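To convert, note that position 17 of the sequence shown is 17 in the UniProt record's numbering; the numbers rise steadily by one, no gaps. Heads up, the beta-carbon is just placed ideally off N, CA and C, and yes, glycines get one too. Small disclaimer: the values here were computed from a predicted structure and weren't measured. One structure is given here, and the rest of the page talks about it.
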Amino acid sequence: MSTAPPTIPLGSIPQSIRSVAHYVKIANEHADRDIVVYYWCLFKAVEDAMATDSSSPEAKNFLTVAMNILEQLKKANKDNEAIWLDVVAQSHIEDQAQRLFTYANSQDDSGQFNQKMMKAFYTCGYLFDVLSMFGALDENIQA
């Protein structure tokens, strides 16, 4: 894709499904740099939102917008196996989460506590939650 996909404003997430805002925030942050993370974080937000509230008009509106974006992404990324194949997506997201964890952990170990380190830990944790969509986490990741 040559241009960044549309993002979802955090303020547009209804209160009834506000718990998905973390996934939407991470998706938005990755929209122009990692389409796979963007897609699967948004997918996780839709999955969790549907389990929480799929009937209120506000939630339906959010879900419609998010699902339309997901469909656009699939059409625009027909050759990206990490969008279409769960096992490839899982590997990609796991790699990204591991890289973030390694970075944040090295910053922590060296005593460099800053906002970037905290954000890396935060994002890493939510990416591990996204990985749970693909089944049980690897034993090495759980430890």
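Between which two residues does the alpha helix (DSSP H) holding residue i run?
i	result
T52	35–52
A21	21–30
G111	Premise fails: G111 is in no alpha helix (DSSP H) and is neither H nor E.
M133	Careful: M133 lies outside any alpha helix (DSSP H) and carries neither H nor E.
A63	Reading off the sequence shown, one finds Leu at residue 63, where the question assumed Ala. Per DSSP, L63 belongs to the alpha helix (DSSP H) from 57–76.
I83	81–84
Taking buried to mean at least 16 other C-beta atoms within 10 Å of its own C-beta, is residue i buried or exposed?
i	result
Q96	buried
P5	buried
N28	buried
V20	buried
V36	buried
Q90	buried
W40	buried
L85	exposed
Would you mind working out which of the options sits nearest residue i, comparing C-alpha positions?
i	options	result
N77	A45, Y38, N114, S55	Y38
A51	R18, E71, A120, S12	R18
C124	K44, S55, T102	T102
M67	V24, M118, G135	V24
V65	G135, S132, M133, T7	T7
A31	V87, D108, G135, L73	L73
S56	S16, R33, Q115, W84	S16
I83	D34, D53, N105	D34
Give the C-beta separation of residue i and residue j to the nearest angstrom, bearing in mind that I take them to be a contact with Cβ-Cβ under 8 angstroms.
i	j	result
I93	V130	6 angstroms
E58	P14	4 angstroms
F43	L70	6 angstroms
M117	D109	Not quite, the Cβ-Cβ distance comes to about 10 angstroms (not below 8 angstroms), so this is no contact.
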